[in-house]
Amino acid sequence: IDENRVLVAWDVTRDESKIAMITRPTNELITNEGWSTVDIWERSTGKVKRLQDTLWRKEAPSPYGWLDAPSWSPDGSILTFTVDFDGYPTEILVTTFGKKAGQKTHRMKRPRALTVNGGTSPQWTTGAGFVFVGEEKARVRLYSLPDATDPDSGATVLTAGDVVVGAFALSPNRKRVAFAMSNPTSFGDVFVASVKPGTKNYRQVSVINPQVSDWALPTHQVVQWKSTDGTQVEGILTLPPGVTEARGLPMVVYIHGGPASSTKFRRRFWGYGRTLMSALGYVTFSPNYRGSTGFGDKFLVDLIGRKNDIDVADIMTGVDAMIARGIADPNRLGVMGWSNGGYLTNCLIAHPEHGKRFKVASSGAGVFDTAMQWMIEDTPGHVVNYSKGLPWQRPDRMIKSSPLYTIDTAVTPTLIHVGEKDPRVPQQHSIALHRALHTYLKVPTELVIYPKMGHGLRTWGDKLTKMEWDIAWFEKYLPVKLKSTDKSLAK
3 IDENRVLVAW DVTRDESKIA MITRPTNELI TNEGWSTVDI WERSTGKVKR LQDTLWRKEA
63 PSPYGWLDAP SWSPDGSILT FTVDFDGYPT EILVTTFGKK AGQKTHRMKR PRALTVNGGT
123 SPQWTTGAGF VFVGEEKARV RLYSLPDATD PDSGATVLTA GDVVVGAFAL SPNRKRVAFA
183 MSNPTSFGDV FVASVKPGTK NYRQVSVINP QVSDWALPTH QVVQWKSTDG TQVEGILTLP
243 PGVTEARGLP MVVYIHGGPA SSTKFRRRFW GYGRTLMSAL GYVTFSPNYR GSTGFGDKFL
303 VDLIGRKNDI DVADIMTGVD AMIARGIADP NRLGVMGWSN GGYLTNCLIA HPEHGKRFKV
363 ASSGAGVFDT AMQWMIEDTP GHVVNYSKGL PWQRPDRMIK SSPLYTIDTA VTPTLIHVGE
423 KDPRVPQQHS IALHRALHTY LKVPTELVIY PKMGHGLRTW GDKLTKMEWD IAWFEKYLPV
483 KLKSTDKSLA K
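First residue of the sequence shown? That's 3 in my numbering, and the numbers climb one at a time after it.
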């Protein structure tokens, strides 16, 4: 390998004849966006060959693809790897190595509604192709592809039902798989199953949190509504413990990050808002707005060029639907989110029409100015993709997508969180938001900067601090007032 390149990920064939490597020019994350390559070292020649990248660069919807997860088939004749694009579907690419035909690379065929989870690495099995994690409508399941050499080979599901699968690992003989899995009524645990397609015998092998068996916990349900353009949008409604039918309760809009992600249909310990706020007595509404994964390719890419527009419309039509159904009190609304959820929280409180509807907000690690985000974040391809160009090429979109330029309409008391060392959404955004609200607009606001923390809060103490700040802030500006019909909450 070129000593001037940085090795990001690799895999070795079982006979140790070849090594597949993902490399990039520097250790800076920005060089993973379009400058990363797939390099193959062959023992027989002692040389490194680079795979032709036309399929995932020039012929891709964006040249800023992140390469990851190289994995060899058991006989070393097939290499799979992933390419992940901000705003566009993640793809699994398959390269076959034949003595006569040479190297050929194609995209794995997948249902257009199925999103490949770029955060987990596909792995080869023994006799059943390879397995990967796919997302569809807030469920995340294990899938297998029996014939990776056939571009028309379809993927089959291994874990059916309302489940959310996380990390997984194969047994030494690669005939069984262990995986973390949760669902709407159970927190995550470890399960095992055969990798054979059609198997329905996965079984639970852990009880990680036995203490929750007698807890009164929030419950989850899927809700649907139509957005302004007629598109059907879905979300997760989380009700307080003991409440089977919410009527006129205070509602907190929890907005997921990404935006190429989603709020999953599962029970989860979650310090960023969803389970916590409902445990306190709020209805939590988690919209999977345009740009979310698992709802089809079109639903995902519709957000490109339309940030702070179609996503806001999807969220607010959902809020109106929950009010129209009698679930939420229109005069007791709050909003919160982290990362892209923090950004959309900023967009909502700065919206000339919608901002005044929210009595309280918690914004975590959210963008305030899109052009500044391109200048200072560690993955600027994200901004380029969603804005469909660089700042000097698309200044109109940079302004339209930035809450900064309408923040003068904000009146919502806003709590701001950010990590001191956040490279993804640096603290300058949060400092600028606080300056605008506190110094110039006199809107009640507090800024909490977490020492040494990056884009996510990693320590128990910091997570607890955030939860305590959020609880105090929401109790001050949007207190839960129990009604006679809310007897379960008063116990």
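Just so it is clear, CB atoms sit at the ideal spot from N, CA and C, and this is done for glycine as well.
Ends of the beta strand (DSSP E) at residue i?
| i | result |
| --- | --- |
| L9 | V8 to V14 |
| K51 | K49 to R52 |
| T240 | Q234 to L241 |
| V2 | For residue 2 there is no data in the structure shown, the boundaries of the chain being 3 and 493. |
| V40 | T39 to E44 |
| D398 | Note, D398: premise wrong, no beta strand (DSSP E); alpha helix (DSSP H) at P397 to K402. |
| T416 | T416 to G421 |
| A195 | S188 to S196 |
| M455 | M455 -> no beta strand (DSSP E), and no H or E assigned at all. |
| I378 | Careful: I378 lies outside any beta strand (DSSP E), inside the alpha helix (DSSP H) at T372 to I378. |
| T84 | I80 to F87 |
Please state the DSSP three-state secondary structure of residue i.
| i | result |
| --- | --- |
| L251 | strand |
| F297 | coil |
| H440 | helix |
| E18 | coil |
| D331 | strand |
| F476 | helix |
| D4 | coil |
| L147 | strand |
| V482 | coil |
| K493 | Residue placement at K493 is flagged as unreliable, the pLDDT there being 34, under the threshold of 50; the coordinate-derived value follows with that caveat. DSSP places K493 in coil when its eight states are reduced to three. |
| D488 | Unreliable placement is indicated for D488, whose pLDDT of 41 sits below 50; no coordinate value is reported for it. |
| Y407 | helix |
| A363 | strand |
| E448 | strand |
| N203 | coil |
| V303 | helix |
| E61 | coil |
| Q226 | strand |
| A434 | helix |
| A171 | strand |
| S73 | strand |
| L95 | strand |
| N34 | helix |
| L392 | coil |
| W272 | coil |
| P212 | helix |
| W68 | strand |
Thinking C-alpha only, which one of the options is nearest residue i?
| i | options | result |
| --- | --- | --- |
| H436 | S365, K402, T158 and R396 | S365 |
| P332 | N6, K358 and I351 | K358 |
| M374 | P405, H440 and F360 | P405 |
| V224 | S264, Y204, A218 and I210 | S264 |
| D88 | G259, T128 and Y407 | G259 |
| G320 | T230, M338, I306 and D398 | T230 |
| V427 | T411, S341 and S280 | S341 |
| C349 | V386, T127, A412 and L466 | A412 |
| T47 | W68, S38, G36 and K20 | K20 |
| R178 | Y274, Q105 and S196 | S196 |
| D86 | G383, R399 and E44 | G383 |
| A400 | M377, T372, Y388 and V386 | At residue 400 the sequence reads Met, which differs from the Ala that was named. Cα-wise, what sits closest to M400 is T372. |
| A218 | W227, Y204 and V245 | V245 |
| M183 | R176, P174, D164 and K198 | D164 |
| G456 | P425, K478 and G250 | P425 |
| L439 | P242, I351, A248 and D380 | I351 |
| E448 | R460, L466 and T414 | T414 |
| T28 | S432, V8 and D398 | V8 |
Under 8 Å by Cβ, that's how I've got residue i and residue j pegged, so tell me the actual separation to the nearest angstrom.
| i | j | result |
| --- | --- | --- |
| V50 | R26 | Not a contact, Cβ separation roughly 15 Å. |
| F360 | L392 | F360 to L392, Cβ: 33 Å. No contact. |
| R312 | L302 | Here residue 312 turns out to be Ile, not Arg, going by the sequence shown. Between L302 and I312 the Cβ distance is about 12 Å, and since that is not below 8 Å, they are no contact. |
| H353 | T416 | About 13 Å; that fails the 8 Å criterion. |
| P220 | P252 | Actually they are not in contact, since the Cβ atoms of P220 and P252 sit about 14 Å apart, beyond 8 Å. |
| V482 | Y256 | Rounded, the Cβ-Cβ distance is 16 Å, inconsistent with contact. |
| S288 | I238 | 4 Å |
In the DSSP assignment, find the unbroken alpha helix (DSSP H) run with residue i in it and report its ends.
| i | result |
| --- | --- |
| G344 | N342 to I351 |
| M110 | No alpha helix (DSSP H) holds M110; DSSP gives it neither H nor E. |
| H384 | G383 to S389 |
| R276 | R276 to A281 |
Quick one: does the C-beta of residue i sit closer than 7 Å to a heavy atom of the ligand NAD?
| i | result |
| --- | --- |
| V133 | This structure simply doesn't include the ligand NAD, nor any ligand for that matter. |
Does the segment 319 to 330 come close enough to the segment 420 to 439 that 3 or more CB-CB pairs lie under 8 Å? no
Count the C-beta pairs between the segment 161 to 170 and the segment 134 to 149 that are closer than 8 Å, then say yes if the count reaches three, no if not. yes
Three or more C-beta pairs closer than 8 Å, one from the segment 179 to 196 and one from the segment 267 to 284: is that the case here? yes
I want to know whether the segment 59 to 76 touches the segment 6 to 25 - three or more CB-CB distances under 8 Å. yes
Evaluate the contact criterion for the segment 210 to 223 versus the segment 291 to 301: three or more CB pairs, one atom per stretch, below 8 Å. no
How about the segment 88 to 100 and the segment 59 to 71: do they share at least three Cβ pairs that are nearer than 8 Å? yes
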